[in-house]
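According to full-length UniProt numbering, the sequence shown is numbered sequentially starting from 1.
By construction, the Cβ of each residue, glycine as well, lies at the ideal position given by its N, Cα and C atoms.
The block underneath contains the structure these notes are about, expressed in structure tokens.
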Amino acid sequence: MRVWQTLPTGEAFDREYERVNPAYEAWKQEGGQPDVTTLAALHGDDADLIRQGYDLEGVYLVWKDIYAVWWRSRGTVDPANPWNETTACGLIESMNIFTGQCNALPDWRTEADVARDAEVLADYRAKQAATN
């Protein structure tokens with residue numbers, strides 16, 4: 001949950017990932033098993049980096065799935081609302097194992113994602129305005 005709350009932007013997430021990933025990837029290449037028991041038993045200079053790498057990887061996978069659900073809902077349930085302003089919250093709340101909230105998600109979208117999302121939203125709103 002700490003990662004979810006302390007890295008609110010994609011830039012912050014990427015900086016932290018770049019800091020810990022070399023140690024985490026080296027450990028995995030050496031046969032390290034990313035499970036809670038093994039990670040808890042780690043000692044040495046890179047132990048905290050490895051644990052943080054594991055946390056970042058897991059948290060990002062959850063976030064990525066939530067983002068995909070939000071994106072898909074834009075075409076059907078909730079097309080006119082931007083990131084963290086959705087009204088289609090049921091599934092997102094159940095997927096957010098960290099806070100259970102819908103519109104309090106870190107914004108780890110890439111610049112390209114942000115631009116695409118803004119374009120889709122603007123197009124949708126323009127079409128709605130044209131039909132009204």
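Would you kindly check if the distance between the Cβ of residue j and the Cβ of residue i is under 8 Å?
| i | j | result |
| --- | --- | --- |
| W4 | P106 | yes |
| Y54 | P34 | yes |
| D46 | A23 | yes |
| residue 133 | V20 | Here the chain covers residues 1 to 132 and nothing more, so residue 133 does not appear. |
Can you find the residues in the same chain that come closer than 6 Å, C-beta to C-beta, to residue i, ignoring five residues on each side of it along the sequence?
| i | result |
| --- | --- |
| Y17 | L56 |
| S73 | A88 |
| F13 | L7 and W108 |
| W27 | I50 |
Can you grab the Cα-Cα spacing for the pair residue i / residue j, in whole Å?
| i | j | result |
| --- | --- | --- |
| G58 | W70 | 19 Å |
| K127 | D117 | 15 Å |
| V120 | V114 | 10 Å |
| F98 | A122 | 31 Å |
| T131 | R2 | 45 Å |
| A80 | R15 | 32 Å |
| T38 | Q52 | 14 Å |
| A40 | A104 | 29 Å |
| N84 | Q29 | 37 Å |
| K64 | T110 | 12 Å |
Below 7 Å CB to CB, which residues in the same chain sit around residue i once its five sequence neighbours on both sides are set aside?
| i | result |
| --- | --- |
| E93 | G100, Q101 and C102 |
| G44 | none |
Between residue i and residue j, how many whole angstroms is the CB-CB distance? I'm expecting something under 8 Å.
| i | j | result |
| --- | --- | --- |
| W108 | G10 | 5 Å |
CB-CB under 8 Å to residue i, same chain, minus the five flanking residues each way: which ones, in chain order?
| i | result |
| --- | --- |
| V62 | M95, N96, I97 and F98 |
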